[in-house]
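One structure is given here, and the rest of the page talks about it.
Residue numbers (my numbering): -5 to 211.
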């Protein structure tokens, strides 16, 4: 179990906090809106009202006790900058701050954020790929160029092995798992033979993933 501090209950911040807690982590939430914190207190064991731009407030939270501090104050970028800078000065182990624009991302990186989260762009990237190749069932970006995606194994692959198909060379993708119902085969070897209803989980450049999904559907 990890411990997380989520500062700011923006739409993204709330979803993040709920998901982190759902995954069994210790989550502390803080926001300056007392009414909002009162509403959320029924869902979190530690929900505090306070102005996170105030360094004295941050000190009372025991910043060093958390594995990651998230700065998710939404559209108030000035507050995001102040909180991020203060967290770094107070010795936070890891600071992940939310950005809504490219310029914000660059500035947060310059003042020391260990990671900048850009949920709007990530959602747009994922949506673009999903709708460009309708049979991709899951997708997430791992770098600006490469993604992991899930897609049904093409019908013409059934009964053939990864080696027979020369997947990496012909399709420019690397298969990292094969799913069939509740069964998952991680890192299948080259002799794996595809069966009906198999889904492949692969890594590839975005354009190669879309091209493969559209060509082989």
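Just so you know, even glycine gets a beta-carbon here, dropped at the ideal spot from N, CA and C.
Model, not experiment: these values are computed from the prediction.
Cβ shell of residue 63 (< 6 Å), same chain only, five flanking positions each side left out:
-1, 81, 86, 89
Quick check: the Cα distance between residue 213 and residue 134, rounded to an integer number of angstroms?
A query on residue 213 cannot be resolved here, the shown segment of the chain reaching from -5 to 211 and no further.
Return the bridge partner residues of residue 168 from the DSSP annotation.
197
Among 163, 192, 162, which one has its Cα closest to the Cα of residue 176?
192
Starting from the C-beta of residue 21, find all residues in its chain whose C-beta is less than 7 Å away, skip the five residues before and the five after it, and write them out in chain order.
-2, 0, 11, 14, 15, 38
Would a C-beta distance cut-off of 7 Å place residue 170 and residue 197 closer than the cut-off?
yes
4 or more residues per run - each alpha helix (DSSP H) lying fully within the stretch 75 to 128:
96 to 104, 113 to 126
Just the Cα atoms here: how many angstroms apart are residue 234 and residue 183?
No answer is possible for residue 234: the residues shown for the chain start at -5 and end at 211.
Buried or exposed, going by whether 16 or more other CB atoms sit within 10 Å of the CB of residue 231?
In the structure as shown, the chain begins at -5 and stops at 211. Residue 231 is therefore absent and cannot be evaluated.
Assuming residue 6 is part of the alpha helix (DSSP H), what are its boundary residues?
5 to 16
Could you pull out every unbroken alpha helix (DSSP H) segment of at least 4 residues lying fully inside the stretch 26 to 82, listed in chain order?
28 to 34, 49 to 54
Simplified DSSP assignment, three categories, for residue 19
coil
Buried or exposed for residue 100, please, with buried defined as at least 16 other CB atoms from any protein chain shown within 10 angstroms of its CB.
exposed
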